[in-house]
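In the working numbering, the protein residues as written are 29 to 120.
This is the structure:
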């Protein structure tokens, strides 16, 4: 679906908040938290996201109905990111 964009909220010094917003128009972006700003996720692809997470349909529908959908993605405790995995492999 062309037009749907994903923005990730970042604090100063590169610290990421848990907030992500899906919008069709940039003017629909909500105000960021104090000291934060929205950054476009250039690698986001709606089709890939729907294949990865079928529950994403609800987020997509809300964005269609309201122009934007704010999602809070809590960090998963114990989940190893690809970067961390690479650092652990180098340490061996």
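Note that CB positions come from ideal geometry on N, CA and C, so glycine has one too. These figures come from a predicted structure and were not determined experimentally.
Legend entry - Between the CA atoms of residue 63 and residue 43 - distance to the nearest angstrom: 11 Å
Inset, instruction - Spell out the partners DSSP gives residue 74 in its beta bridges. - result: According to DSSP, residue 74 bridges with nothing at all.
Legend entry - C-beta atoms of residue 84 and residue 78 nearer than 8 Å: yes
Legend entry - Helix, strand or coil at residue 83 [DSSP, three-state]: coil
Inset, instruction - Go ahead and label residue 65 buried or exposed: buried means 16 or more other beta carbons lie within 10 angstroms of its beta carbon, across all protein chains shown. - result: Burial is judged here by how many other beta carbons sit within 10 angstroms of a residue's own beta carbon; residue 65 has fewer than 16 and is exposed.
Legend entry - DSSP-derived helix/strand/coil call for residue 57: coil
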